[in-house]
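What follows is a short report on a single structure.
What follows is the structure in C-alpha cells.
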C-alpha cells in the first residue's frame, strides 16, 4: 500500500515519501550528473551533498544560460504566520549559498496577505508584524544588502498587482481547485492568492523588458504554486521559473516537518539557551528504554530527531557525522550526551544569529522593494 | 410566461422587466413617500421624477443619519472598456446632482483591472488609457474638484488591497458563483475582482476610523457586487453601503441598454455633430412605414428610441415632453422632424461637454486618490 501523506503549500502531514513526491509533482531528481555539474561553480553545500535539496525543475536549462553569460536572479519567501524557526532558516541558508556562488540578486517575498487569507485567527496587522521579525532572521544569514530586496505583499502590491492580474487571467477555477484542493467553501482571496506568489517569478523580466531567468529555492511543498506560474509563463512572454526543492526540516518530536503548531518541538531563532536545552532534552530519539539496554543494543539514528538535526544543519563534517552514527549504533554514546552536544551546537549558532539579527535592524530600511517603509 | 432577460454586471440582455428585477435582486422601489422625503433636500432631479432612478437599498436609513448631522460620501465608477457614451453619463449626472444637494465627497472608481480580467481582447495598457478618457468625461460634468477623488484600481491598489483582502476572506466561491454566475472555467482574477469593487464602500470608514455611511448611485446591473459588499460589511465592522439604482440607458436601435458593441447605435461623448446626426437619423422609432400612414395613424413613442432619449436626458421640461408625445400620437410631428430636434439638443449638449472635457485635463492631476499620476 502506498504510504498516506499530504503535501500542499498549507499542509504537510503523514509520513512523506520524497521519492514518490517527485513523481506525484512531476519534478526531476537532482542526480549525480547534475550534482557534478553544480560542483563546477563552487564547493557543493552540505544540504546538496546530503540530498536535502534533492529535486528541481529546469535547473540544467538555467545553468546552460548562465554558462553563456546570462545572469539569473533568485526568489524565495516566507508566509509570516509566526516566529521564525530553524526549519525556515534551512532553505534560506542554501539561498545565501546560491547568492554567493552565482552573484545573484535575491527577492524575498513575505506573504502577509496569504497568511491573513488562509488563517482564520490572523489579522493583517499580525502577519505584517511577523513579516518584519521573519525578515530580520533572513537578513541575519548574511545576504548582500546590495543584492537583496524584501517584498512585503501589502506594501509592494502596486508592483505585484499588474503581474498577478496577468497570471490570474490565465488560471481557471478548475485549475486552482485541482492544484490546491480548493472547494466551494474556499474564500475568493485564497483562490486568487497564487497569482501574487507567481508575480515575483516574472518581476525582473518585466522590469528589464527582456528575458531574465529566475531560480526559486524552496520547500517542495511550495511547488504547486510555481507549477501554476510555470504553466502560464510562456503565454505571458516570460521564461518559466526554475526551481530547486528541499525536503522538509524535521520536528523535534520526530515528525516530517518542524511546525509552529507544537512549540515544544520547534526551536525558534529567538529561543534562549535554557529553552533550547529543554526542548532538545525532550526530543524524540532512536534510543532504548534503559541506558543498560542501549549500551548493549545501540541506538537507531535513522528515526532520531537529534541525528536529523545534525544531518540537516548542525554537523557539516561528514566524518564526524559518520563517527556519531557509529558510536550511536554501538551503544558507545547515549541519547543524553548526544542531546547535550546538539544543544551546544544550536546555542552556539543562535548566539551569533541573534546578534546578527539585532544588527540587521539597521539596514532593514535599505533593502525593501520600491523603498517601502516598515 | 415570465419575460426572459439577463442582468449581470457584465451582461444586460433580453427585454428587461425592471419591476421584476427589484424582486429578483431584493431591492426596494423608490415610492412616492421616499420621493417626497427626497424633495425636502432640494428640487428633485428629472431622472428621479421620471423613475429612471427607481430602486434603492437603505436610502431612508442614510437620510435618517444625514438628518441627525451625519454626513455621507458618494461612490460610483466605470469599467473602462471603451469610449464614454451618453449612457455612461446618465448616472454620473445624477451623482453630480447628489454631490451638490448633500455637499458630499465622491469617489469615482475606474476598474481597469476588471475590464482587463473580463475582456479577452483588452490589455492593461488599453483599459488604463480608456480610464483617463472616461475620467475626463466624468469631470466635464462639473464635479467639485475639492470633493472628488478618482480611483484607478492598478494605481490605487495599495489603498484598496487591504480592504479587498478583508472582503475576500469572507466571500466563498459558492457565494461568488451564485451571485455572478461563475463556473469552473472562470479565471481566478475575475472571481476575486468583486473584492476590489467592494473596497471603496468602506474606504472613508477605514480612513476616518469611524462609521462613515456610503451612498452608491449606479446602474441596477451593478447591484450584485454591492449585495456581496453589504453582506460582509457588518462582519468587518463597517456600515452597509446604501444604493440608489437607475435603469439602463437605451440604445438608438431600441434595445434596453446602450452598448459599445453597436457603435452606430451608440453616441459617444467625442462624436462630432455630423456623426450624431447620422446616428440619430438611423435610430429606431415608433413611426409608420410611410409619412401618409403616420399622419393618419400617428406614431408610438413608447417603443421609440428618440422619445426615450428625450425622456432620459434631453427634454427635462415635462410640459414640452407631454406636448411632443401628443404631437407624435396625433401624427402632427413625424420622425424626421423629431430626430432633427433631438440631434440639435444632443449636439448642443456635446458642444459644451467637449469644451469642458478639454478644460478638465488641467485638473486631472489634482483629483487622483493618493495623488497617483496618470
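Residue numbers (my numbering), protein chains in the order written: chain A, 642 to 1015; chain B, 642 to 1015.
C-beta atoms are modelled at their ideal positions from N, C-alpha and C, and glycine is treated no differently.
Against chain A, the beta carbon of residue 792 of chain B has no neighbour under 7 Å; the closest one sits roughly 13 Å away. Minimum Cα-Cα distance from residue 860 of chain B among the listed residues B:801, B:766, B:734 corresponds to B:734.
Membership of residue 688 of chain A in the alpha helix (DSSP H) is indicated by the continuous run 687–690. A:1006 is the residue among A:797, A:1006, A:674 whose C-alpha sits nearest the C-alpha of residue 786 of chain A. By the criterion of a C-beta distance shorter than 6 Å, residue 727 of chain B is surrounded in its chain by 908, once the five residues flanking it on both sides are discounted.
At least one CB atom of chain B sits nearer than 8 Å to the CB of residue 809 of chain A.
Of the residues assessed, residue 846 of chain A falls on the buried side of the cut-off, its CB having 16 or more other CB atoms within 10 angstroms. Counting only the Cα atoms, residue 756 of chain B lies some 10 Å from residue 769 of chain B.
Interface annotation, residue 833 of chain B: in contact with chain A, CB-CB separation under 8 Å.
Shortest Cα-Cα distance from residue 989 of chain B to any of B:1015, B:918, B:925 involves B:918. The Cβ atoms of residue 835 of chain B and residue 828 of chain A do not sit closer than 8 Å to each other. In the structure shown, residue 938 of chain A falls within a helical segment according to DSSP collapsed to helix, strand and coil. Counted as a single uninterrupted DSSP element, the stretch harbouring residue 825 of chain A is not any beta strand (DSSP E), since DSSP gives it neither H nor E. About 11 Å separates the beta carbon of residue 722 of chain B from that of residue 758 of chain B, a gap too long to meet the 8 Å contact definition.
In the displayed model, residue 881 of chain A falls within coil according to three-state DSSP, outside both helix and strand. Close to chain B, meaning a Cβ-Cβ distance shorter than 8 Å, are the following residues of the region 747–763 of chain A: 754, 757, 758.
At a C-beta separation below 7 Å, residue 772 of chain B has no neighbours in chain A, since its nearest C-beta there lies roughly 14 Å away. For the region 812–827 of chain A, the residues whose beta carbon sits under 9 Å from a beta carbon of chain B are, in order, 812, 813, 814, 815, 816, 817, 818, 823, 824, 825, 826, 827.
Using a CB distance below 9 Å, no part of the region 680–712 of chain B faces chain A. DSSP places residue 647 of chain B in the uninterrupted beta strand (DSSP E) bounded by 646–649.
Linking residue 856 of chain A to residue 998 of chain B through their CA atoms gives a straight-line distance of about 49 Å. Within chain B, the residues placing a beta-carbon under 7 Å from that of residue 830 of chain A are 806, 809, 810, 833, 836, ordered along the chain. Under the three-state reduction of DSSP output, residue 669 of chain B falls in the strand class. Taking 8 Å as the cut-off, the beta carbon of residue 782 of chain B is found closer than this to the beta carbon of residue 730 of chain B. Counting only runs of 3+ residues, the beta strand (DSSP E) found wholly inside the region 699–774 of chain A occupies 714–719, 747–751, in chain order.
Only exposed fits residue 761 of chain B, as fewer than 16 other CB atoms lie within 10 angstroms of its CB.
Secondary structure within the region 842–930 of chain A: the alpha helix (DSSP H) runs of 4 or more consecutive residues, fully enclosed, are 844–849, 864–877, 914–922 (chain order). Residue 1001 of chain B is classed as buried because its beta carbon has at least 16 other beta carbons within 10 Å across all chains shown. Taking residue 740 of chain A as the centre and dropping the five residues before and after it, the same chain places the C-beta of 715, 747, 784, 785, 788 closer than 7 Å to its C-beta, in chain order. Under a criterion of Cβ atoms nearer than 7 Å, the residues of chain A adjacent to residue 802 of chain B are, in order, 795, 798. By a beta-carbon distance limit of 8 Å, residue 753 of chain B contacts residue 795 of chain B. Their separation comes to about 5 Å.
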